[in-house]
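Step one of this worksheet: look at the structure below.
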Amino acid sequence: MPGGLSSRRPSGLCLLLLALLVGPSCADSSCQRAPSAAARVVCQQLHTWDANVRRRHHHFSFQQSQSSQSSSSSAASSSSSSVSRGSDGSFSQHHSSSQSSSHRSSSSSSSVSMSGHSVTIEVEPSPDLFHIETNNEFQSPNNAAFVRPATTSAGSTTEAVELEDSFLVRNKSDPLQCIDIKCLCPFIKGTYSQRAGCVASDGSVLGRVVRKEYRQMTDSERSRFHTALNRLKTKGVFDRFVEDHADSERSGGAHSGPAFLPWHREFLKRVEIALRVEDPPVALPYWDSTMDECLQNPEESVLFSDDFVGSVDARSGYVAGGPFSNWITVEARRPLRRQPGRQGRLFMEADIDAVLGQTSVERVMAYTAPQESCSQTTDWSCLEYTHGNVHVWVGGDMFSPPTSANDPLFLLHHAFVDLIWEEWRRRHQTRQQRELQYPSTGNENCSSVEHSERYPMHPFSPFRNLDGLSNAYTDELYEYADRPSCARTSSDNECQSRYLFCDISRGLRRCAPKLRDGAACTKYGDRGCLSGHCNEGRCATTTRRTTVTTRTNSFANLYKPNRQKTTSCFNENECCAIWKENGECQKNEAYMREWCKASCGICQPNYDLSVDCADRHGFCRTWTTLGECTRNPLWMNENCRLSCGRCALTRKQTCVRGY
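Letter 9 of the sequence shown, counting from 1, is numbered 9 in full-length UniProt numbering, and no numbers are missing.
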């Protein structure tokens, strides 16, 4: 596939240089002490994020924002916001907005005074993604035309509420702000009663969902998850989540400090609620990457097959098959990209043990981008750093914080991070401590103000960072299934999935993912292959697809004009078919296995090899417009003959003349 496109993504070195230019002066010396190259990359990313947040606060001081708010009144749309810190450590957030009467007749905001915590937060509710009049279905964002709840009176735009619990201060037409099943029930088409809970129309109970390891989901559960996620993408809802995560100005507490864990917990909760609005039983799975890490070649895991997150083309890095091959990134408007295994590493069991062995909350909800004058040193084993290694390992869009949420694998990875954090909470904290213990954030040399416990959790107002510690998440909305293990019997059945096997190759009993078709399997034998057969050191092709994912994604027409499901089974040269006829698959096996996989039967293409003039890949037209027919002629002349205008001569005519 086109190799030229792979250079369009900034390299790790470029990102490091950018971080050096815009990051704080202490970042370079601090990151040079990182224990690995991947940790240095993560360090630079975190310091860059932190520098951007601090720069914004420096240029727009709280006092200046407050004064500018009072003086801004325009007939056209305008908005300003400010956050001030009181002497008791509390914060006051103020948002003001005015819009022309042609756009909206009234605005809505809420002023909340929490007497128990001495916190005043004045917020304007986020734009709704739901029509409460139309069965609460998601609507695609349409510029600024969002549905908002009606104001209580024509002459009042502010509603004041006195209460103890900030979770109760929410826009009641927005299910994403729910923190219990009673609130969520009507949005997932259920009926709630104190006695029976939330009951669906078919009589089933809709309660907490169980987040399973991705490979332990049933085929039906996984297919429904994929379908619901594709619906969110089609409707534009998923892209809104991506934007929430991408911008340090919008989501300053998402990285580089103690708010990292609670912020992402709330983020995942909202995505999961959005999925449940589409299909109420659906739950987010988690990706236990320690299982893939124990493989000889983790990138050959069944995870990267079309039944799971999709196969990746080795040359371009584009996701070429599976349920998300249609997806287009928010920023670059191109297909998803991954480059697994080029750098970084996956979670190791030692990483998890290091976290679970900590007794101080400051070492779990850690200061990950401290200034030189901070008394806390960087803990390279904390979750934000070790989780970053996995982002670097996956590469592509997952590599960089601003783009990582484009990839659905982001959700699965962060669900596992959340699982680890929850396990630490249960081991080391009482229920009360889980909701109250937060690292000291009085010294802004250790983390920016947006990591303070009572600071608004942007963009999830009216939540504060401290609210992300609530027990309500796992009491009311979700719980985690146990991690796969075969330590007791060494039986594959103990892993409870046909996609996992009990690996004892390293002397330990560990569940590991099976290998995708064509993977090297000498070390594991037949039991390590998804197909169940290891032939001549390679996993044989699976004769039956395990799942069929129904796609309703409207992006299919944009990058897949032929409406075909692509795979990673392609030749690398237009003469492969001719070489096969001459017996080269046997006479020159090593070369042909690598360069002529489709013709030599190393893999099974889902297109007709006998058709001479056709595009075999769904991205051919796009790559042609980008000049790949010239930059990468070998691959393009074989697989994109129609788009590249190579049909005047047959392959045989071309190869006989050229060879």
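Backbone N, C-alpha and C define an ideal beta-carbon position, used for all residues, glycine too.
TODO: Could you spell out the range, first to last residue, of the beta strand (DSSP E) harbouring G197?
DONE: First-last of the beta strand (DSSP E) with G197: G197 to A200.
Contact defined as beta carbons within less than 8 Å: I believe Y499 pairs with L477. What is the distance between those atoms, to the nearest angstrom?
Not quite, the Cβ-Cβ distance comes to about 27 Å (not below 8 Å), so this is no contact.
Nearest CA to the CA of R616: which residue from M592, R631, R641 and D517?
Looking at the Cα atoms, R641 is the closest of the given residues.
**Beta-carbon spacing of H264, V417 below 8 Å** = Cβ distance < 8 Å, so H264 and V417 count as in contact.
One or two residues paired with R337 in a DSSP bridge
Secondary-structure assignment with DSSP links R337 through a beta bridge to Y318.
Since V237 is in the beta strand (DSSP E), which residue starts that stretch and which ends it? Per DSSP, V237 belongs to no beta strand (DSSP E); it is in the alpha helix (DSSP H), V237 to A246.
Next on the checklist: Among the candidates A350, D517 and Q653, whose CA atom is the shortest distance from the CA of C603?
Outcome noted: Selected option, being the one with the closest Cα: D517.
If I follow the unbroken beta strand (DSSP E) through P513, where does it start and stop? Counted as a single uninterrupted DSSP element, the beta strand (DSSP E) harbouring P513 occupies residues R510 to P513.
query = Does the pairing of the region 230-244 with the region 335-343 give three or more beta-carbon distances under 8 Å?
reply = Below 8 Å, too few C-beta pairs join the region 230-244 and the region 335-343 to call them touching: fewer than three.
Query raised in the report: How should P408 be labelled, buried or exposed, when 16 other C-beta atoms within 10 angstroms of its C-beta is the threshold for buried?
Result: Buried.
### Task
Tell me where the beta strand (DSSP E) around F501 begins and ends.
Boundaries of the beta strand (DSSP E) around F501: L500 to D503.
Following the continuous beta strand (DSSP E) through R211, name the residue where it begins and the one where it ends.
Counting along the chain, the beta strand (DSSP E) containing R211 begins and ends at V209 to R211.
- When DSSP labels each residue in this structure, what does G396 get in the three-state scheme? The three-state reading of DSSP puts G396 in helix, counting H, G and I together.
Quiz item: According to DSSP, which residues form a beta bridge with E479?
Solution: Answer is V210, bridged to E479.
Identify the residues that DSSP records as bridge partners of Y192: which are they? Per DSSP, C198.
Discussion item. Can you tell me which residues form a DSSP beta bridge with P456?
Written reply: Beta-bridge partners of P456 (DSSP): R464.
Using CA atoms only, rank isn't needed, just tell me which of L176, S497 and T386 is closest to R270. Distances from the alpha-carbon of R270 to those of L176, S497 and T386 put L176 closest.
So is Q216 buried or exposed if we call it buried at 16+ other beta carbons inside 10 Å? It is buried - the Cβ of Q216 has at least 16 other Cβ atoms within 10 Å.
- [ ] Leaving aside the five residues before and after C629 along the sequence, list all residues of the same chain whose C-beta is less than 6 Å from its C-beta, in chain order.
- [x] Around C629: M636 and C644.
Would you give the residue range spanned by the alpha helix (DSSP H) that L419 belongs to?
-> That run of the alpha helix (DSSP H) goes L409 to H428.
Exposure label - R646; buried when at least 16 CB within 10 Å = Result: buried.
(message) Classify I188: buried if its beta carbon has 16 or more other beta carbons within 10 angstroms, exposed otherwise.
(response) So I188 ends up on the buried side.
Between M457 and C502, what straight-line distance do the alpha-carbon atoms span, to the nearest angstrom?
-> Rounded to whole angstroms, the separation of the alpha carbons of C502 and M457 is 42 Å.
Check the DSSP bridge columns for C596 and list the partner residues they point to.
-> Under DSSP, C596 shares a beta bridge with N571.
Review point. What are the partner residues of I328, as DSSP defines its beta bridges?
Key: P335, per the DSSP bridge assignment.
Q. Going by alpha carbons, who is nearest to C495 out of F410, S381, V656 and K212?
A. If we check each option's Cα against that of C495, K212 comes out closest.
| Taking the alpha carbon of C600 as the point to measure from, which residue in F570, G627, A614 and T625 has its own alpha carbon closest? | Taking the Cα of C600 as reference, the smallest distance to any Cα among F570, G627, A614 and T625 is reached at F570.
- Message: Under 8 Å: do the region 246-261 and the region 438-449 share three or more Cβ pairs, one atom per stretch?
- Response: Yes, since at least three Cβ pairs between the region 246-261 and the region 438-449 fall closer than 8 Å, the two stretches touch.
Give me the residue from P402, A332, S440 and S490 with the minimum Cα distance to H245. Per the Cα distances, P402.
Only counting the same chain, and skipping five residues up and downstream in sequence, which positions put a Cβ closer than 6 Å to that of H117? Low confidence applies to H117: its pLDDT is 37, below 50, so where it sits in the model is not reliable, and the reading given next is rough at best. For H117, where only same-chain residues beyond five positions count, there are no Cβ hits under 6 Å.
### Task
Assign E589 to buried or exposed, taking buried as 16 or more other Cβ atoms, counted over all protein chains shown, within 10 Å of its Cβ.
Note on E589: under 16 other CB atoms within 10 angstroms of its CB, so exposed under the neighbour-count rule.
Can you tell me the Cβ-Cβ gap for V282 and R224, rounded? I've got them flagged as a contact below 8 Å.
Confirmed, Cβ separation roughly 6 Å.
- Task: Can you check DSSP and say which residues form a bridge with Y286?
- Result: For Y286, which the question treats as bridged, DSSP gives the partners E213.
Using only alpha-carbon positions, find the residue among G357, S461 and G442 that is nearest to H428.
-> Of the listed residues, the one whose Cα sits closest to H428 is G357.
How would you label Q432, buried or exposed, when you count the other beta carbons within 10 angstroms and need 16 or more for buried? When all chains shown are included, Q432 counts as exposed.
**Prompt:** For L46 versus T368, is the C-beta distance shorter than 8 Å?
**Reply:** It is a contact, given that the beta carbons lie within the stated cut-off.
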